[in-house]
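Trainee:
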Amino acid sequence: MSDNKNNTAEINLPQHSELSPEWVKDYLLANPDFFNRYPILVEELNIPHDQRGTVSLVELQSQQLRGKVQELQGKISQLMSVAKQNERIYRIYADLNLALFNCRSMQEILAALNKSICDELNLQAVSLKLFSGEDAFPEAQKQHFVTHRLKQKDFFFGRMTQEETEQLFPDTNVSSVAIMLLKHETEVGLLVIGSYEEDHFHPDMDTLLIQQLQQMLSLLLPKILAD
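Sequential numbering of the sequence shown, starting at 0, is according to numbering that gives the first Met the number 0.
1) For the pair the stretch 136-154 and the stretch 112-119, tell me if three or more CB-CB distances fall below 8 Å.
2) Report the rounded CA-to-CA distance for residue 99 versus residue 61, giving the unit in angstroms.
3) Any contact of the stretch 168-177 with the stretch 189-200, i.e. 3+ C-beta pairs under 8 Å?
4) When DSSP labels each residue in this structure, what does residue 79 get in the three-state scheme?
5) For the pair the stretch 88-107 and the stretch 65-74, tell me if three or more CB-CB distances fall below 8 Å.
6) Excluding the 5 residues preceding and the 5 following residue 166 in the sequence, name in chain order all residues of the same chain whose CB lies nearer than 7 Å to its CB.
7) May I ask you to verify whether the stretch 102-116 touches the stretch 152-163, counting CB pairs closer than 8 Å and requiring at least 3?
8) Is the separation between the beta-carbon of residue 218 and that of residue 95 shorter than 8 Å?
9) Tell me, please, which residues DSSP counts as bridged to residue 156.
10) Beta-carbon separation of residue 188 and residue 220 under 8 Å?
11) Compute the beta-carbon to beta-carbon distance between residue 192 and residue 97, rounded to the nearest angstrom, for a pair I have assumed lies under 8 Å.
12) How about residue 184: is its Cβ closer than 7 Å to a heavy atom in the ligand ATP?
13) Quick one: residues in its chain with C-beta nearer than 6 Å to the C-beta of residue 38, no 5 flanking neighbours on either side, listed in chain order?
14) Do you know offhand how far residue 8's Cα is from residue 27's?
15) Which residues does DSSP list as the beta-bridge partners of residue 128?
16) First and last residue of the alpha helix (DSSP H) that includes residue 138?
Structure, rendered in structure tokens:
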């Protein structure tokens, strides 16, 4: 009897008011050992359940725990998938830079770019727009992209007008592009990559790998063009 009196005294019922769900919640949160002191309640309490009518508190806790475990496993699987994809992209860019280092002509450079970017990365178009030579990018178009798209930066990622897209890729209808300014002492040209997906290239993209490609081409092209 003395134990029951002590337990009743610990509850500290609110005075002059009905027992509210909010008060019960606060009390249970403040007394995490409550069900240890009253283990029979764990078995006897029935919790309403949308699919199963009612379940015990233990069953409900187990179900919630399983749900959290499944959610965590899904997040881990997603992170592993992203990590594998990032590793694959890194290896493609590393192999591309090595292949470019061994190129001795424009034809070899274009072949290496197409193999890595179109065949391996599954993008739809890649092109070099050189600022000098027989097939030089028209001066007016060069000034437009450098001034209005790059805006004193080395990169542009995103969507463009149809007219701009046709100037870069007259034979391919892409929806988003990456533009890189190639320069070493002087401006050499543009490397442009196109994707059918509207949001594949976007302003918040990380530039680490593509910057390494830009630097490699900026050093390599002047030597190739001079030969």
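The beta carbon of each residue, even a glycine, is placed where N, CA and C say it ideally should be.
Mentor: The short version:
1) No, they do not touch.
2) Whole-angstrom Cα-Cα distance: 57 Å.
3) Yes, since at least three Cβ pairs between the stretch 168-177 and the stretch 189-200 fall closer than 8 Å, the two stretches touch.
4) In the structure shown, residue 79 sits in a helix (DSSP, three-state: H, G or I).
5) Counting C-beta pairs closer than 8 Å gives fewer than three between the stretch 88-107 and the stretch 65-74, which falls short of the contact rule.
6) So the list reads 140, once near-sequence residues are dropped.
7) Here the stretch 102-116 does not lie against the stretch 152-163, with fewer than 3 beta-carbon pairs under 8 Å apart.
8) No, the pair does not count as a contact, with Cβ atoms beyond the cut-off.
9) Bridge partners of residue 156: 177.
10) Contact flag set, yes.
11) The beta carbons of residue 192 and residue 97 sit about 19 Å from each other, so the pair does not count as a contact at 8 Å.
12) What this structure holds is no ligand at all, so the ligand ATP is not there to describe.
13) Spatial neighbours of residue 38 in its own chain (CB-CB distance under 6 Å, excluding positions within 5 residues in sequence) are not present.
14) Residue placement at residue 8 is poorly supported in this model, since its pLDDT is 36, which falls under 50; the coordinates still yield a value, given next. Between residue 8 and residue 27, the C-alpha separation is close to 15 Å.
15) Looking at the DSSP assignment, residue 128 forms a beta bridge with 189.
16) For residue 138, the enclosing alpha helix (DSSP H) stretches over residues 138-143.
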